[in-house]
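Colleague:
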Amino acid sequence: MAVAKVAYFPGCSLEGFGKSYDESAKFTARALGVELATIDDYSCCGAIEAKRADELSSYLLPARNLALAKKHMNADSLVTPCNGCHYTMRRATTEMKKRPTLVEDVNQLLGEAGEPAYDGKSDVRHFLEYLFNEHGPDAVKAKVKRPLKGLKVVTYYGCLYVRPKIYSAAGKDARHDNPEYPVFMDELLRAAGAEVVEWDGKTDCCGGGHALGDEDNSLKLSASVLEQARQAGADVLTTNCPLCGAALDVRYNDLKSRFGDSIQMPVTYFTQLLGLAFGGSAKDVGLGLQYSGASEALKKRGVV
Amino acid sequence: MAVAQSPTVVVDGVELTGEWMNFLPFRVETDPFDDALLKETMTLPGGESLAKCWQCGTCSAGCTMNPYVDGFNPRQFIDLVRLGDWEEIRAKSDQIWRCASCQKCTHRCPKEVNTADVVGAITALLERRGVYAKPTNAEVFAEIFMDQVTNHGRIEEAKMGQEFYLKTGRAGELAKRAGMGMQMMLKGQMKLFGGAKVKHWKGMQEVLKRRRAAAGGAH
Ligand code: SF4
Ligand code: SF4
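In order, the protein sequences belong to chains A and B. To convert, take the position in the first sequence, counting from 1, and add 5; that gives my numbering. To convert, take the position in the second sequence, counting from 1, and add 349; that gives my numbering.
1) Within the 8 Å Cβ cut-off, does Gly-479/B reach chain D?
2) What are the boundary residues of the beta strand (DSSP E) that Tyr-64/A is part of?
3) Should the region 253 to 262 of chain A be regarded as contacting the region 283 to 298 of chain A, the criterion being three or more beta carbon pairs within less than 8 Å?
4) Leaving out five residues on either side along the sequence, give the residues of the same chain with a beta carbon under 7 Å from the beta carbon of Leu-226/A.
5) In the DSSP assignment, what are the bridge partners of Arg-311/A?
6) When burial is assigned at 16 or more other CB atoms within 10 Å of the CB, is Arg-559/B buried or exposed?
7) Flag this pair as yes or no: are the beta carbons of Leu-107/A and Tyr-162/A separated by less than 8 Å?
8) Less than 8 Å separating the beta-carbons of His-456/B and Arg-95/A?
9) Exposed or buried, which one is Val-158/A when buried takes at least 16 other CB atoms within 10 Å?
10) Helix, strand or coil: how does DSSP classify Val-8/A here?
11) Here's the rule: buried if 16 or more other CB atoms are within 10 angstroms of the residue's CB, otherwise exposed. What is Arg-104/A?
12) At least one CB of chain A closer than 8 Å to the CB of Ser-409/B: is that the case?
13) Between the C-alpha atoms of Asp-178/A and Glu-185/A, what's the straight-line distance to the nearest angstrom?
14) For Leu-83/A, name the three-state secondary structure that DSSP assigns.
15) Any beta-carbon of chain A closer than 8 Å to the one on Pro-394/B?
16) Taking only beta-carbon atoms, is Leu-217/A less than 8 Å away from chain B?
17) Would you say Val-111/A and Ala-12/A are within 8 Å of each other, going by their C-beta atoms?
18) For Glu-120/A, which of helix, strand or coil comes out of DSSP?
19) Determine the closest residue to Ala-287/A out of Met-101/A, Thr-33/A, Leu-231/A, with distance taken between C-alpha atoms.
20) Tell me the DSSP bridge mates of Thr-273/A?
21) From this set, Cys-405/B, Lys-546/B, Cys-458/B, Pro-423/B, which residue's C-alpha is nearest Asp-496/B's C-alpha?
22) From the beta carbon of Ser-48/A, is the nearest beta carbon of chain B less than 8 Å away?
23) Does Asn-245/A get closer than 8 Å to chain B when you measure Cβ to Cβ?
24) Do Ser-227/A and ligand 2 come close, with the Cβ less than 7 Å from some heavy atom?
25) By DSSP, does Glu-364/B sit in helix, in strand, or in coil?
26) Does the region 56 to 72 of chain A come within contact of the region 490 to 508 of chain B, defined as at least 3 CB pairs closer than 8 Å?
27) Using three-state DSSP, classify Thr-43/A as helix, strand or coil.
28) Please classify Arg-235/A: does DSSP put it in a helix, a strand, or coil?
29) Okay, do the region 134 to 148 of chain A and the region 423 to 433 of chain B touch, 3+ Cβ pairs below 8 Å being the bar?
30) Would you mind sorting Pro-459/B into buried or exposed? The rule is 16 or more other CB atoms within 10 Å of its CB.
31) Under 7 Å from any heavy atom of ligand 2, does the C-beta of Lys-453/B make it?
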């Protein structure tokens, strides 16, 4: 099978807490005939902290990665599975397109740092959006070996996949997801046989950004997401954001000891569910790296 | 015809003058007005779009932190800055920095105000004017984050956590959480030897250092 290459920007989180997302994204892509080729020597996108420190640095950091993808891979767009990186880089490219002098300023700095210049054109796509547009539910359906039959899922998109629309372009056309009630994950998972449960928490905030800064409120926000998912009657919650994954899953024991059984809800990445449906093993999709009992819940439904 | 001179105006049995006289002085706030506050906020990164706000309240209606933090109200923060009401802004200093950066406000604003960034700019204003006795947790976090990016090019999440607890004087809590750290290492999610370094980074490091120094302050 011909393998298509995609310039892949994992971001820092997928090397850390989001490792299972990274592994399962690569597995899922491979099953669809795509290689997620990591951009060589990529660096942090700057997240929301860079703009606090210095406005221009918040464009410089994304531009370096876009320029590397262009130089080494001739890629006009790079794909990231992280909502945080997606927001930061779309913000940068949107602003740079609006204000061409920014590109000049950024290239001046890139030149001083001995880095390649940014062409001011190449852009960023979320891995979910990429999967939906370039492959879509039909391609998923065709690859399913073990349907996710009987598995009740709530899809959790978090904040920065659709928000804010001035950067994400959510709702602009059919290639972009709905700005208030996104559905791309729903459709891909339905194609894999899952029962997607409707709920109101899809784009709630998990509080992950202030996991350290304002821990008390941050935990309350995460608990609210898990509680709603539980009330909706889901077997598992699934997400497309490593920062939400870290907030909800890595902190699971903290949450459980503070809020008790009302927040009991196994957390997965949507690529783990797709990977399993494509015939992957628990190991292939890093299921053992989840803290919130995903393996057990999926076993109970016969998905692994 | 002689003009009737009367200290009161009564229409249909309702005395109006006195009501208005009582009403007007409260409606017009002139004392605390200081447009330096507005000007300063608008020059801070993210504050540029503040003036476009028409006070519709869409941002506050959907704001994530509003139900969790008493008095957290982005529409009102903007209003207070425009009124130049420094005392009120200062009184809300412990609320304002708690913005979760969820972007609901910016997403929905009908006037294309970048509301989340404006709230960030107001926080920066409070920091700049020295309102916080010690740096807010958000400020400490941002500084550690940018130190890591500047020095290594990438972030190590677990290490961020460690440094944060040490810098905020909560080493005891860190020890309590070491259990979680161990669990993570065993699961292979935490890099053991600081592998998250970018190879070609010296030049970028110099540039970032210079930019941060020029922006003023350590962060
Ligand atoms: S939504 Fe926009 S215009 Fe309305 S109050 Fe908030 S910032 Fe102002
Ligand atoms: S970004 Fe901040 S101010 Fe805006 S809605 Fe979210 S918590 Fe509220």
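Beta carbons are placed, not taken as given, at the ideal position from N, Cα and C, and that holds for glycine.
Modeller: Reading it off the structure:
1) Here chain D cannot be found, since the structure's protein chains are A and B.
2) Position 59 of the first sequence, counting from 1, holds the residue named residue 64/A. Not the beta strand (DSSP E): Tyr-64/A falls in the alpha helix (DSSP H), residues 62 to 78.
3) As far as the Cβ criterion goes, the region 253 to 262 of chain A touches the region 283 to 298 of chain A, which means the pair count is three or higher.
4) On the first sequence, residue 226/A is found 221 positions in, with the first residue counted as 1. Cβ neighbours of Leu-226/A beyond the five flanking positions: Cys-210, Cys-211, Gly-212.
5) An answer regarding residue 311/A cannot be provided, because it is not within the stretch 6 to 309 covered by chain A.
6) The sequence position of residue 559/B within the second sequence is 210, counting from 1. Taking every protein chain shown into account, the CB of Arg-559/B has fewer than 16 other CB atoms within 10 angstroms, so this residue is exposed.
7) Translated into positions along the first sequence, residue 107/A becomes position 102. Translated into positions along the first sequence, residue 162/A becomes position 157. Taking a C-beta distance under 8 Å as the contact criterion, Leu-107/A and Tyr-162/A do not qualify as a contact pair.
8) Here residue 456/B refers to the residue found at position 107 when the second sequence is read from its first residue. Here residue 95/A refers to the residue found at position 90 when the first sequence is read from its first residue. Against a cut-off of 8 Å, the Cβ pair of Arg-95/A and His-456/B comes out as no contact.
9) The residue given as residue 158/A occupies position 153 in the first sequence. Around the C-beta of Val-158/A, 16 or more other C-beta atoms lie within 10 Å, and the residue is accordingly described as buried.
10) The residue you call residue 8/A lines up with position 3 of the first sequence. If DSSP states are grouped into helix, strand and coil, Val-8/A belongs with coil.
11) Indexing the first sequence from 1 puts residue 104/A at position 99. With fewer than 16 neighbouring CB atoms inside 10 Å of its own CB, Arg-104/A falls in the exposed class.
12) Here residue 409/B refers to the residue found at position 60 when the second sequence is read from its first residue. Not flagged as an interface residue toward chain A: Ser-409/B, since no C-beta distance is shorter than 8 Å.
13) On the first sequence, position 173 is the one that residue 178/A refers to. On the first sequence, position 180 is the one that residue 185/A refers to. Spanning the alpha carbons of Asp-178/A and Glu-185/A requires a straight line of approximately 14 Å.
14) Position 78 of the first sequence, counted from the first residue, corresponds to residue 83/A. Three-state result, Leu-83/A: strand.
15) As a first step, residue 394/B must be located in the second sequence, where it is residue number 45. Look at Pro-394/B: its C-beta is under 8 Å from a C-beta on chain A.
16) Sequence index remark: in the first sequence, residue 217/A carries index 212 (1-based). Cβ-Cβ to chain B under 8 Å: yes for Leu-217/A.
17) Walking along the first sequence from the start, residue 111/A turns up at place 106. Walking along the first sequence from the start, residue 12/A turns up at place 7. Judged by beta-carbon spacing, Ala-12/A lies beyond the 8 Å limit of Val-111/A, meaning their Cβ atoms are not closer than that value.
18) The residue you call residue 120/A lines up with position 115 of the first sequence. In the structure shown, Glu-120/A sits in coil (DSSP, three-state: anything other than H, G, I, E or B).
19) The sequence position of residue 287/A within the first sequence is 282, counting from 1. When each option's Cα is compared against that of Ala-287/A, the closest is Thr-33/A.
20) Here residue 273/A corresponds to residue number 268 of the first sequence, with the count starting at 1. Under DSSP, Thr-273/A forms a beta bridge with Thr-243/A.
21) Against the second sequence, residue 496/B aligns to sequence position 147. Among Cys-405/B, Lys-546/B, Cys-458/B, Pro-423/B, the Cα nearest to that of Asp-496/B belongs to Lys-546/B.
22) Here the question's residue 48/A lines up with position 43 in the first sequence. So yes, Ser-48/A belongs to the interface.
23) As a first step, residue 245/A is located in the first sequence; it is residue number 240 there, counting from the start. No, no contact with chain B.
24) Position 222 of the first sequence, counted from the first residue, corresponds to residue 227/A. Ser-227/A Cβ: outside cutoff for every heavy atom of ligand 2.
25) Along the second sequence, read from residue 1 onward, the residue named residue 364/B stands at position 15. Here Glu-364/B sits in strand by DSSP.
26) Result yes; three or more Cβ-Cβ pairs closer than 8 Å.
27) Translated into positions along the first sequence, residue 43/A becomes position 38. Reduced to three states, the DSSP call for Thr-43/A is strand.
28) Residue numbering aside, residue 235/A sits at position 230 when the first sequence is read from its first letter. Assigned with DSSP and collapsed to three states, Arg-235/A falls in helix.
29) The region 423 to 433 of chain B and the region 134 to 148 of chain A do not touch, with fewer than three beta-carbon pairs separated by less than 8 Å.
30) One-based indexing of the second sequence puts residue 459/B at position 110. By the neighbour-count rule (16 or more Cβ atoms within 10 Å), Pro-459/B is not buried but exposed.
31) In the second sequence, counting from the first residue as 1, residue 453/B sits at position 104. Yes, the Cβ of Lys-453/B comes within 7 Å of a heavy atom of ligand 2.
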